[in-house]
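Colleague:
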Amino acid sequence: MNCQCKCSSGKEEKYAPIDRVIEKYQGQEGALIPILHQVQQVYGYLPEDIQAYIAEKLGVSLSEVYGVVSFYALFTTVPKGKHRLSICLGTACYVKGSGEILAEFEKKLNIKVGETTPDGLFTLEACRCLGACGLAPVMMVDEDVHGRLVADDVPKIINKYKGN
Amino acid sequence: MKSIQELMQIKEKIENVAAERNKRGIATIAVHMGTCGIANGALNVLSAVEEELKLQKLTDKVAVIKSGCPGLCFDEPLVTVSIPGKASYIYRKVSPENAKKIVAQHIGNNQPVTEWLINAAGEKFEEINYLKYQKRIVLANCGFIDPEKIEEYIARDGYFALAKSIKEMQPADVIDIIKKSGLRGRGGAGFPTGMKWEFAYKQNNPQKYVLCNADEGDPGAFMDRSVLEGDPHSVLEAMAIAGYAIGSNQGYIYVRAEYPIAVERVGNAIKQAREMGLLGKNILGSDFSFDIDIRLGAGAFVCGEETALMTSVEGKRGEPRYRPPFPAIAGLWGKPTILNNVETYANIHHIILKGWEWFASMGTEKSKGTKVFALAGKINNTGLIEVPMGTTLRTILYEIGGGIQNGKKFKAAQTGGPSGGCISAENLDTPIDYDNLIAIGSMMGSGGLIVMDENTCMVDIARFFLEFTQDESCGKCPPCRIGTKRMLETLTRITEGKGKPEDLENLRTLAVTIKNASFCGLGQTSPNPVLSTMRYFMNEYEAHIHDRTCPSGICKSLLNYSIIKEKCTGCGVCSRNCPVGAISGKVKEPHVIDAEKCTKCGTCFDKCKFKAIVRQ
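As structure tokens, this is what we get:
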């Protein structure tokens, strides 16, 4: 949400973390992507006002920043749920039935892939290979990898993360 | 650090620590903690080991080591216990409870718990079946050292190749050795590494760059992750050697953000190397300065293509650029640049120390050394393996991989990811190297090897790959952007039972056009999975189109469900669970499925306890 009070202090406070990130990369070429990564870590997503602020600070156009944000799958312009459920649809997982695991999550959470539950707890995503093919089918919840999944694990995983 | 002698002192110090441990009879417990191990609970195993040691008051008699992944993913989490003067034992699938018992019984009573052991007879690690046919060079340290301690890498001759290069060799000598070794790029295309370095070396430019491609995007390949997690210094050392050889002072490692543990360990390794003076200004007291920074990928498969990767490091949309000029002439920020992948780099220090003759003695005529493969899919032993070039698929699948899961029949192995193709049963005995794989319609790629059995539908797999490339196409050139979309639509139609006879010819025409007209490697190779499955499994395409059946029983729209009267007890579970009310029947009497209403979801098939429902 943009600050509507027109005082400069609120804006400064809101964007202070961005200033700190940009400062780290002062004078470095090609820093836009690392900056976006770190800013997204702070705010959870990259809405237009934040992209505009980064563009202004770096002295590049908003279209350049937006072009990068929209190109890479890991950047998002909409807020995500508290936990990101990312089901691997790489080849090894696919031949071992990860499509069915994904369908089970869709059923249990009552959302489609790419959507967030109304309570803001879970975002369901599909990803391309987590590099843990030996444990296929696998998924990532936030930064934890879960392997050798079967459909019965789905409610267990949902319950585990619901509590915290 | 200024000299080889200082390196030697660190090595000796570590060796002395180990000797001292041996002398005092101190055992070691290594918990293997790669991504797979951690995903399977290695962190809990580690705390259980530490707790139990405290409880048993054994902490001063045992050293606990956090190690990388030795490649046996199917048996994770693994724990290795070594008692001085005795064989090392490797435990498989260790739970926290088992870990406690292992501590009590193996360490406490000196009795290995044989039923959980991989090497129950105490045979050496390299003698167990999974490793007998392997030759580990790239993976030599993975699982045997603590990747977070630079000293352990140095103790295994780490950074001696860099020291040798800087102190005893001219840049041209380094390039000469790499050229003579016959090392070819392990990222996919197999371009000779030494030649690439030479092109960049010959450029007269004060600013050059050394890049490492760790954007391991091929689904099914995870060797780069394992090397970065288990032996990060081997990559840093090789990049510094490359920097010395071509005359560069700056390197970048481009790592996928999907590999958080690898990113963390590489970051830690760079910090340690800088602190020791093995990266940074005036390395080992010489005039040579070289530093490395990490750049994170952001989830774009096309960034594995070299020019797209460079555009991404520059902070832009990762779209490929036209070649020539090749990166060795004008790459990152227009400067001469070399780009190699993780596995290629992990070979370099071995070649410098052991000589090109040693390396060239392994492999086939045109493909030297070893290749790491990630075994996955429907095979018993999934994991990372490293074999000499020229090993046959049969050896890999049946000797190392332990055969196909559940005793099923082998159908195909997919190599080269979305750019590659399938190896069918008729080529099981072809020696695997770069050129042979291309001859049989596949490619080496980065080394993902996904095994498919009789229950895998090859048309569905072709559709799966097209969906992948279509999704990942950056959109810059129309043949890739639109062509793959049209191919995907056709394949989807076929798997839905709406295929037309002319679809096959259309697919072939599109494939050839996309191959010839696309801008970069992603588009040029995207039709390969379709061409290769059409070459070896045409009968499956025909069955889908002409007979409207899926021989493997995968394509849902082509399946028909029916109830075997004799087996049906009339329990009613199927009719209660059917989401569309397509099943009817009286209690305790055989039920029937209304084919008109049935959406072929398969719920009844899964729910029936009497196996009364057939799918064909």
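Each protein sequence line maps, in turn, to chains V and X. Numbering of the first sequence is given in my numbering, commencing with residue 155 and proceeding in unit increments. Numbering of the second sequence is given in my numbering, commencing with residue 5 and proceeding in unit increments. Don't be surprised by glycine CBs; every beta carbon is placed ideally from N, CA and C. Remember, predicted model here, so these are calculated numbers, not experimental data.
(1) Would you be able to state if there are at least three C-beta pairs under 8 Å between the region 270-282 of chain V and the region 228-237 of chain V?
(2) Taking C-alpha atoms, which residue in X:V21, X:N26 and X:E54 lies nearest to A34 of chain X?
(3) Confirm, please, whether the CB-CB distance from I498 of chain X to Y545 of chain X is below 8 Å.
(4) Using CA atoms only, rank isn't needed, just tell me which of X:S536, X:M227 and X:C612 is closest to G72 of chain X.
(5) Look up T419 of chain X in the DSSP assignment and say whether it is helix, strand or coil.
(6) For the beta strand (DSSP E) holding R619 of chain X, just list the boundary residues, first then last.
(7) Quick test of your reading: P100 of chain X and A43 of chain X, contact by CB under 8 Å. State the CB separation rounded to the nearest angstrom.
(8) Decide if P482 of chain X is buried, meaning its Cβ has at least 16 other Cβ atoms within 10 Å, or exposed.
(9) At what residues does the alpha helix (DSSP H) containing N510 of chain X begin and finish?
(10) By DSSP's criteria, P435 of chain X is part of a beta bridge. Which residues make up the other side?
(11) Between Q60 of chain X and the rest of its own chain, which residues show a CB-CB distance below 8 Å, the 5 nearest in sequence each way excluded?
(12) Can P188 of chain V and R299 of chain X be called in contact, C-beta distance under 8 Å?
(13) By the 10 Å Cβ neighbour count, where 16 or more other Cβ atoms means buried, how is P583 of chain X classified, buried or exposed?
(14) Going by the DSSP bridge assignment, what does Q254 of chain X pair with across the sheet?
(15) Is G301 of chain V helix, strand or coil by DSSP?
(16) Would you please verify whether the beta carbon of F229 of chain V is less than 8 Å from any beta carbon of chain X?
(17) Restricting to runs no shorter than 4 residues, where is the alpha helix (DSSP H) found entirely within the region 65-112 of chain X?
(18) What residue range is occupied by the uninterrupted alpha helix (DSSP H) comprising H353 of chain X?
(19) Report the neighbours of R238 of chain V on chain X: residues whose CB is nearer than 7 Å to its CB, in chain order.
(20) Is the region 125-143 of chain X touching the region 225-240 of chain X, taking contact as three or more C-beta pairs under 8 Å?
(21) Chain X beta carbons: is any one of them nearer than 8 Å to that of Y226 of chain V?
(22) So, with DSSP's three-state summary, where would you put C582 of chain X?
(23) Is the separation between the beta-carbon of V214 of chain V and that of L190 of chain V shorter than 8 Å?
(24) Can the beta-carbon of L284 of chain V be found closer than 8 Å to that of M294 of chain V?
(25) The beta strand (DSSP E) spanning M37 of chain X covers which residue range?
(26) Would you please state the rounded distance, in angstroms, between the beta carbons of F292 of chain X and L283 of chain X? I believe it to be under 8 Å.
(27) Going by beta carbon distance, what residues of the same chain come within less than 6 Å of F469 of chain X, once the five residues before and after it are set aside?
(28) Where does the unbroken alpha helix (DSSP H) through M199 of chain X begin, and where does it stop?
(29) Quick check on this structure: which residue in X:V317, X:A378, X:L397 and X:Q13 has the alpha carbon closest to the alpha carbon of R260 of chain X?
(30) So D437 of chain X and T368 of chain X are in contact, right, with Cβ under 8 Å, and what is the actual spacing, rounded?
(31) Should E202 of chain V be flagged as near chain X, meaning a C-beta pair shorter than 8 Å?
(32) Can you look up E16 of chain X in the DSSP assignment and give me helix, strand or coil?
(33) Please identify the residue among X:G308, X:V591 and X:L388 whose C-alpha is closest to the C-alpha of G221 of chain X.
(34) Grab me the residues of L453 of chain X's own chain with a C-beta within less than 6 Å of its C-beta, minus the 5 sequence neighbours each way, in chain order.
(35) Could you work out which residues of chain X lie near G244 of chain V, taking near to mean beta carbons separated by less than 8 Å?
Modeller: A quick look at the data gives this:
(1) yes
(2) Taking the second sequence and counting its residues from 1, one reaches residue 34 of chain X at position 30. A34 of chain X has its Cα closest to that of X:E54, out of X:V21, X:N26 and X:E54.
(3) Locating residue 545 of chain X in the second sequence gives position 541, counting from the first residue. Locating residue 498 of chain X in the second sequence gives position 494, counting from the first residue. Taking 8 Å as the Cβ cut-off, Y545 of chain X and I498 of chain X qualify as a contacting pair.
(4) Start at 1 with the first residue of the second sequence, and residue 72 of chain X comes out as number 68. Looking at the Cα atoms, X:M227 is the closest of the given residues.
(5) Sequence index remark: in the second sequence, residue 419 of chain X carries index 415 (1-based). Note: T419 of chain X maps to strand in three-state DSSP.
(6) Indexing the second sequence from 1 puts residue 619 of chain X at position 615. Following the DSSP letters along the chain, one finds R619 of chain X inside the beta strand (DSSP E) bounded by residues I617 to R619.
(7) Along the second sequence, read from residue 1 onward, the residue named residue 100 of chain X stands at position 96. Along the second sequence, read from residue 1 onward, the residue named residue 43 of chain X stands at position 39. Wrong, their Cβ atoms sit about 15 Å apart, outside the cutoff.
(8) Within the second sequence, residue 482 of chain X is the residue found at index 478, counting from 1. Classification of P482 of chain X: exposed, given that the 10 Å Cβ count is below 16.
(9) As a first step, residue 510 of chain X is located in the second sequence; it is residue number 506 there, counting from the start. First-last of the alpha helix (DSSP H) with N510 of chain X: D507 to A521.
(10) As a first step, residue 435 of chain X is located in the second sequence; it is residue number 431 there, counting from the start. Its beta-bridge partners are X:T396.
(11) For the purposes of this step, residue 60 of chain X is taken as the residue at position 56 of the second sequence. Cβ neighbours of Q60 of chain X beyond the five flanking positions: V107, A108, I111 and G112.
(12) Locating residue 188 of chain V in the first sequence gives position 34, counting from the first residue. Locating residue 299 of chain X in the second sequence gives position 295, counting from the first residue. Yes. Within cutoff.
(13) Mapped onto the second sequence, residue 583 of chain X falls at position 579. The residue in question, P583 of chain X, is exposed, as its Cβ has fewer than 16 Cβ neighbours within 10 Å.
(14) Within the second sequence, residue 254 of chain X is the residue found at index 250, counting from 1. In the DSSP output, where bridge partners are listed per residue, Q254 of chain X has X:Y213 and X:D295.
(15) Walking along the first sequence from the start, residue 301 of chain V turns up at place 147. Coil.
(16) Mapped onto the first sequence, residue 229 of chain V falls at position 75. It does: the Cβ of F229 of chain V has a partner Cβ on chain X nearer than 8 Å.
(17) 100-106
(18) Counting from one through the second sequence, the residue named residue 353 of chain X turns up at place 349. Element bounds for H353 of chain X: V346 to K358.
(19) Translated into the one-based positions of the first sequence, residue 238 of chain V becomes position 84. Going along chain X, no residue has its Cβ under 7 Å from R238 of chain V, so there is no contact; the nearest lies around 12 Å.
(20) yes
(21) Within the first sequence, residue 226 of chain V is the residue found at index 72, counting from 1. Cβ-Cβ to chain X under 8 Å: yes for Y226 of chain V.
(22) Taking the first residue of the second sequence as position 1, residue 582 of chain X is located at position 578. C582 of chain X: coil per DSSP, three-state reduction.
(23) Within the first sequence, numbered from 1, the residue matching residue 214 of chain V stands at position 60. Within the first sequence, numbered from 1, the residue matching residue 190 of chain V stands at position 36. No, the Cβ-Cβ distance between V214 of chain V and L190 of chain V is not below 8 Å.
(24) Within the first sequence, residue 284 of chain V is the residue found at index 130, counting from 1. Within the first sequence, residue 294 of chain V is the residue found at index 140, counting from 1. Yes, Cβ-Cβ distance for L284 of chain V and M294 of chain V is below 8 Å.
(25) Against the second sequence, residue 37 of chain X aligns to sequence position 33. Looking at the DSSP string, M37 of chain X is not in any beta strand (DSSP E), and its letter there is neither H nor E.
(26) Residue 292 of chain X sits at position 288 when you count from the first residue of the second sequence. Residue 283 of chain X sits at position 279 when you count from the first residue of the second sequence. In fact, because the Cβ distance is near 11 Å, the residues do not count as touching under 8 Å.
(27) Position 465 of the second sequence, counted from the first residue, corresponds to residue 469 of chain X. Taken in chain order, the residues that qualify are P422 and P533.
(28) Looking up residue 199 of chain X in the second sequence gives position 195. Where M199 of chain X is concerned, the enclosing alpha helix (DSSP H) stretches over T197 to Y205.
(29) Taking the first residue of the second sequence as 1, we reach residue 260 of chain X at position 256. In this structure, X:V317 is the residue among X:V317, X:A378, X:L397 and X:Q13 with its C-alpha nearest to the C-alpha of R260 of chain X.
(30) Position 433 of the second sequence, counting from 1, holds the residue named residue 437 of chain X. Position 364 of the second sequence, counting from 1, holds the residue named residue 368 of chain X. So it is a contact: roughly 5 Å between Cβ atoms.
(31) Counted from its first residue, the first sequence places residue 202 of chain V at position 48. So, not an interface residue.
(32) Residue numbering aside, residue 16 of chain X sits at position 12 when the second sequence is read from its first letter. Of the three classes helix, strand and coil, the one that applies to E16 of chain X here is helix, per DSSP.
(33) By 1-based counting over the second sequence, the position of residue 221 of chain X is 217. Out of X:G308, X:V591 and X:L388, X:G308 has the C-alpha closest to the C-alpha of G221 of chain X.
(34) Residue 453 of chain X sits at position 449 when you count from the first residue of the second sequence. Within the same chain, L453 of chain X has close Cβ partners F377, L379, A417 and T419.
(35) On the first sequence, residue 244 of chain V is found 90 positions in, with the first residue counted as 1. Those within 8 Å of G244 of chain V in chain X are P223 and G224.
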